[in-house]
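In my numbering, the protein residues as written are 1083 to 1592. Cβ coordinates follow ideal geometry from the N, Cα and C atoms, glycine included. Below is one structure, written out as structure tokens, with a few remarks after it.
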């Protein structure tokens, strides 16, 4: 499996980074989105017609869309012909850009009304399709391909910033797409009608066109859509994903589920998966849907895992944004490989390979000893995946949790594991408690003593080296010294190799 299929660190934290505060009004927001081909084979742009219903009198208006989002650049530059009207006529707008974030985290372009507006307000514009060079990374950009479109909402919608909960509606006009075209989003098939902040429209995925579709049954909580032809058989892989999702719900003790949607888009040169609210988008190489070719199963499992792992509530003294993904990404990487092993969802040798991938990526990364604060400052500016600063949250975080698991097992003489700490902790969140980083570290301390806090502050906060315990990855692997190359510097570390003679069943029992 290609190892560039890693979720982009910091994405879960980015979902709260909307553009600010301004429009303090109740009301409604209705949107009509129309993909337009203009006689070309592929969509050239999407026309967007928004109607903002305000229940009070005149108010300020501030519209925004990202300039850069998780390293994806030039989003706002693709907005054309934006115009605003209200009951009094055309509204003059002043365009202003936020200060650039050198780490590649979101910053926004604003269109601010130069007079007060009164409802209803209409906003119209064209969002042009991305036409640059496609690269692996966060799956947010708006692409036109295979007779349709696929995009994240943050790359499509210019929205009123921080409008309180309102009645939201999105209608897609598909008349200029090929016959039989349909639309699906994070919120289901067809048009959208829900209540919430307009940010919910930004924090969603959308596909429209001649989509493939898999759903085990009409009342299933899992569903999948794809645009284009992947190299693998998408239906076969989505059957596997539905089975995996059911197993995950059991392990994570998930309550009633509102549903989960997997989106696939087959585009040359892309790669990676990115999860947001109850869904993810994976970019894969196009091909001929060969049933003998495996899909990116580890990616599918990992992205669905974010539905259950989630993230921590903010608290005083928390590690910074990217460093903070030690939990969302580190814990999810750890449990992705471990649960796939336990559930017999991949061969034991694939588990060994994935351990080696994380270990090698950590020891060979020039940023492996960077503090959480430094990782946050660098962000996406040094690239994604591989030997980037952004990737440290995945590797260092997962090795930290594997080592913590081994310490818990040793302290309890094998009677307890990391599961016995994490599952009750997440149950508190499911019950409505805003659990924080401090709460989690306190749970570690309650389990194995004050050295847990010292270890956390040394490894996760300050960036000191993490050498997991010899048995951190189970009884079937043994630790051996190995020298790694980290950007031309020799680094003494370890590798974990499979012990000969132990049966697979013993490995899966870890």
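Residue state for residue 1588 is assigned as helix, using DSSP reduced to three classes.
DSSP lists 1145 and 1177 as the beta-bridge partner residues of residue 1193.
Leaving aside the five residues that flank residue 1340 on each side, the residues in its chain whose CB is nearer than 8 Å to its CB run, in chain order, 1303 and 1360.
Pairing residue 1386 with residue 1171, the inter-Cα distance amounts to about 47 Å. Distance from the Cα of residue 1322 is smallest, within the candidate group 1406, 1277 and 1422, for 1422.
Judged by beta-carbon spacing, residue 1462 lies within the 9 Å limit of residue 1470, meaning their Cβ atoms are closer than that value.
Rounded to the nearest whole angstrom, the CA to CA distance from residue 1118 to residue 1376 is 35 Å.
Only residues of its own chain outside the window of five on either side were considered, and among them 1294, 1316 and 1346 have a CB closer than 6 Å to the CB of residue 1308, listed in chain order. Fewer than three Cβ pairs drawn from the segment 1559–1577 and the segment 1506–1516 lie within less than 8 Å of each other, which leaves the two stretches out of contact. Residue state for residue 1312 is assigned as strand, using DSSP reduced to three classes. Per the Cβ contact rule, the segment 1183–1193 is not in contact with the segment 1116–1132 (fewer than 3 Cβ pairs under 8 Å). For residue 1268, there is no enclosing beta strand (DSSP E), as DSSP gives it neither H nor E. If the five residues before and after residue 1114 are omitted, its C-beta is found closer than 7 Å to the C-beta atoms of 1131, 1253 and 1255, all from its own chain and listed in chain order. Taking 4 residues as the minimum length, the alpha helix (DSSP H) runs contained wholly in the segment 1420–1479 are 1430–1445 and 1454–1460, in order along the chain.
Only residues of its own chain outside the window of five on either side were considered, and among them 1412, 1413, 1416 and 1500 have a CB closer than 7 Å to the CB of residue 1483, listed in chain order. CA-CA distance, residue 1276 to residue 1408, rounds to 33 Å. The DSSP-derived three-state label of residue 1285 is coil. Fewer than three pairs of CB atoms, one per stretch, sit closer than 8 Å, so the segment 1200–1212 makes no contact with the segment 1255–1272. Counting other Cβ atoms within 10 Å of its Cβ, residue 1109 reaches 16 or more and is therefore classed as buried. Annotation note: the segment 1299–1375 contains the following uninterrupted beta strand (DSSP E) runs of length 3 or greater, listed N- to C-terminal: 1304–1309, 1342–1348, 1354–1358 and 1361–1366. In the pairwise beta carbon analysis, the segment 1431–1442 is classified as touching the segment 1578–1585: at least three pairs are separated by under 8 Å.
Classified as buried, residue 1229 has 16 or more neighbouring CB atoms from the shown chains inside 10 Å of its CB. Taking C-beta separations shorter than 7 Å and ignoring five residues to either side along the sequence, the partners of residue 1263 in its chain run 1230, 1256, 1290, 1291 and 1292, following chain order. Per DSSP, residue 1209 is one residue of the beta strand (DSSP E) stretching across 1203–1210.
The alpha-carbon of residue 1515 is positioned some 45 Å away from that of residue 1373.
Around the C-beta of residue 1351, fewer than 16 other C-beta atoms lie within 10 Å, and the residue is accordingly described as exposed.
In the three-state reduction of the DSSP assignment, residue 1412 falls in the helix class, which pools H, G and I. Ranked by Cα distance from residue 1134, the first of 1151, 1248, 1396 and 1270 is 1248. Its chain contains 1444, 1478, 1481, 1482, 1485 and 1541 as the residues whose beta carbon lies nearer than 8 Å to that of residue 1548, once the 5 sequence neighbours on both sides are disregarded; these appear in chain order.
Taking C-beta atoms under 8 Å as the contact rule, residue 1136 and residue 1203 qualify, at a distance of about 7 Å. Boundaries of the alpha helix (DSSP H) around residue 1509: 1501–1512. Assignment of residue 1217 by DSSP, reduced to helix, strand and coil, places it in the coil class. The C-alpha of residue 1574 is placed about 28 Å away from the C-alpha of residue 1410.
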